[in-house]
Structure formats: structure tokens, C-alpha cells
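J.: In the numbering used here, the protein residues as written are 4 to 252.
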Ligand SMILES: C[S@@+](CC[C@H](N)C(=O)[O-])C[C@H]1O[C@@H](n2cnc3c(N)ncnc32)[C@H](O)[C@@H]1O
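1. Give me the Cα-Cα distance between residue 18 and residue 62, rounded to the nearest whole angstrom.
2. Between which two residues does the beta strand (DSSP E) carrying residue 197 extend?
3. Quick check on the contact list: which residues have their beta carbon closer than 5 Å to a heavy atom of ligand 1?
4. Determine, using beta carbons only, whether residue 105 and residue 138 come nearer to each other than 8 Å.
5. Check residue 219 in the structure and name its three-state DSSP category.
6. Is residue 16 helix, strand or coil when you go by DSSP?
7. Any idea what DSSP makes of residue 129, helix, strand or coil?
8. Classify residue 251 as buried or exposed, calling it buried when 16 or more other Cβ atoms lie within 10 Å of its own Cβ.
9. Spell out a yes or no on whether the stretch 19-31 and the stretch 84-95 are touching, meaning 3 or more CB-CB pairs, one atom from each, closer than 8 Å.
10. Alpha carbon to alpha carbon, how far is residue 148 from residue 167?
11. Spatial neighbours of residue 115 within its chain, please: CB distance less than 7 Å, with the 5 preceding and 5 following residues excluded, ordered by chain position.
12. Using a Cβ-Cβ cut-off of 8 Å (strictly less than) and excluding sequence neighbours within five positions of residue 191, which residues of its own chain qualify?
13. So which of 202, 73, 143 has the shortest CA-CA distance to residue 42?
14. Inspect the CB distances between the stretch 199-213 and the stretch 122-141 and report whether three or more fall short of 8 Å.
15. Mind checking which residues open and close the beta strand (DSSP E) that includes residue 245?
16. Residue range of the beta strand (DSSP E) that residue 155 falls in?
17. Can you tell me whether residue 195 is buried or exposed, with buried defined as 16 or more other CB within 10 angstroms of its CB?
18. Between residue 199 and residue 187, how many whole angstroms is the CB-CB distance? I'm expecting something under 8 Å.
19. Go to residue 177, then tell me how far its alpha helix (DSSP H) extends in each direction, as first and last residue.
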């Protein structure tokens, strides 16, 4: 259901852009990539399809199992690591790390963010990049949020209606953590469906906090701030994502 709900993304096009940014800010093509909080590891599998050694890391055993099964079904090699992105050590260095689709929101406080950056730094070669696709802060600070909280997607005969957040979800302005109620409602072939509901703790990170966390880690320089996969800057009026590109010192 997760995979159908997020099937609106063009994974191959996003990987094209990520590789373009790698070429611009690090030079060349990465030989290895690590997708963090990878979930179904769509991007990692797309990197693998292009001959890049890919690793997917996730905390959830179910997601790790699902990502492995998908890689087998795709016929691509994928290393899957079950670990916490705030404290891990791959034991080797990759050239590119990515944390996509606002998965940074699972870093619930500054210690978690800095721990994440220190962990990535341990597993990234000097000059390598860590690219984070984050929610644009304007979603939280302006009254005209730019991402849709309700949408529907269909794939392979399965239709999933997704609701990410609801009126009245609590947001703690001190910790900047929201308790977001999420609902995925699936129907197949017009029949009655299955509903999954959950409440997720998600933290909002601002650009200045990212800068501070990066400085605290002492391991990276922020070399670009994009506002979408189109490459517009994060300050652009049409920016709807916040994508800092960090280069390992
Ligand atoms: C919204 S999904 C995003 C999946 C993926 N990034 C994508 O682009 O489709 C968030 C994932 O983060 C994982 N996650 C949450 N906290 C984590 C942590 N501390 N370490 C590693 N993975 C974590 C969850 O298990 C889930 O699979």
C-alpha cells in the first residue's frame, strides 16, 4: 500500500538528478550509494540497475525484508542493512548517501540529527556527498502549505487513497514534533478494501537548524540548497522541497 501511495514519484528521473548533482558537486559518477531510511528502497534499486553498488538501510525488519524481496524480483543486487540511521557504522565507505522523501522527519531531536550526520560521515569517503530531500519549511510556516495531504494513486489494479495528517493533529511548537495521523485506504477492482491507520511522530527541521547540525558534526560542508528536483534554489518562489547537498570534508 505504501508503494502504491507513493507511486506518483518518477524514481528514474529523480536518480538522474541525484547523479547530476553528484557530478556537479563531487565529480564523476559514484561507484557506491547508501539509501538511508530506505523503506522499499526504490532509489537504491534504481542505482543498482545502473551498475552502482547499492545499500539500503532501514530500522524496520518488515521494510528490509520487503526491499530485499523487491530486489530479487527486479534481478538487481542490493545489500540491505537493518539499522538505526542515528547510530550505525557500515564498516566501509560509500561515495553517495541519500535520505529521501522527508525521512529526516524521523530524526526527532538535535542529538538524533547530529548522530545521523556522524554515522553517515563514518561511512562516506572524503569528498563524497550526502543529499537530503526534506520538507520545505514553508509547509509549516505559511498558511498555504504546498504539499498535498490527501491524494489517490493506482498501480497494478490496486487503488490507495492516502491521508497524511489531519485537522487537529497536535504540533508541539517547542520540540517542533507533530503527531501526524496517517491513513492508507486500499481497494482492489472496486471491491471493499483494507485500511491502515497510524500516528507518526515527525519533526520539522528548518534550514538554520540543518546548518547548525552540520556545523556540530564537523564533518560536512553544505555545498548547495535545492528547492526541488528541477534544481531551482530553495529560496525560489516555486521551491517546494528543501534539498541540502552536504560534502564530506
Ligand atoms: C516515509 S518512509 C520513506 C522511505 C524512503 N525514504 C522513500 O523515499 O520511499 C520512512 C522510512 O524510515 C524508516 N525509519 C524511521 N526511523 C528510522 C531510523 N531511526 N533509522 C532507520 N530507518 C528509519 C521507516 O522504517 C520507514 O521505512
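Glycine is no exception: its CB is placed at the ideal position from the N, C-alpha and C atoms.
In this text the structure is predicted, and so the values were computed from the model without any measurement.
T.: The relevant details are as follows:
1. Looking up residue 18 in the chain shown gives position 15. Looking up residue 62 in the chain shown gives position 59. Between residue 18 and residue 62, the C-alpha separation is close to 23 Å.
2. Reading the chain shown from its first residue, position 194 is the one you call residue 197. First-last of the beta strand (DSSP E) with residue 197: 197-206.
3. 40, 42, 61, 62, 63, 66, 87, 88, 103, 104, 106, 109
4. By one-based count along the chain shown, residue 105 stands at place 102. By one-based count along the chain shown, residue 138 stands at place 135. Going by C-beta atoms, residue 105 is nearer than 8 Å to residue 138.
5. Locating residue 219 in the chain shown gives position 216, where the first residue counts as 1. Looking at residue 219 - three-state DSSP - the assignment turns out to be helix.
6. If you number the chain shown from 1, residue 16 lands on position 13. In this structure, residue 16 counts as helix in the three-state DSSP scheme.
7. In the chain shown, counting from the first residue as 1, residue 129 sits at position 126. Of the three classes helix, strand and coil, the one that applies to residue 129 here is strand, per DSSP.
8. Counting from 1 along the chain shown, the entry for residue 251 is found at position 248. With 16 or more Cβ atoms within 10 Å of its Cβ, residue 251 is classed as buried.
9. Taking 8 Å as the limit for Cβ pairs, the verdict is that the stretch 84-95 does not touch the stretch 19-31.
10. As a working mapping, residue 148 is identified with position 145 in the chain shown. As a working mapping, residue 167 is identified with position 164 in the chain shown. Its pLDDT being 47, under 50, residue 148 is placed unreliably by the model, and the measurement read from it follows with that caveat. Roughly 13 Å between the two C-alpha positions.
11. For the purposes of this step, residue 115 is identified with residue 112 of the chain shown, where counting begins at 1. Excluding sequence neighbours, residue 115 sits near 89.
12. Numbered from 1 along the chain shown, position 188 holds the residue referred to as residue 191. Excluding residues within five positions, the ones whose Cβ falls inside 8 Å are 160, 161, 162.
13. Sequence index remark: in the chain shown, residue 42 carries index 39 (1-based). Of 202, 73, 143, the residue nearest in Cα terms is 73.
14. yes
15. What you label residue 245 is simply residue 242 of the chain shown in a count that begins at 1. It spans 244-251 - the beta strand (DSSP E) in which residue 245 sits, taken as one unbroken run.
16. Along the chain shown, read from residue 1 onward, the residue named residue 155 stands at position 152. That run of the beta strand (DSSP E) goes 153-158.
17. On the chain shown, position 192 is the one that residue 195 refers to. By the 10 Å Cβ count, residue 195 comes out exposed.
18. To locate residue 199, count along the chain shown from 1; it is residue 196. To locate residue 187, count along the chain shown from 1; it is residue 184. At roughly 5 Å, the Cβ-Cβ gap stays under 8 Å, so residue 199 and residue 187 are in contact.
19. Numbered from its first residue, the chain shown carries residue 177 at position 174. Where residue 177 is concerned, there is no enclosing alpha helix (DSSP H), given that its DSSP letter is neither H nor E.
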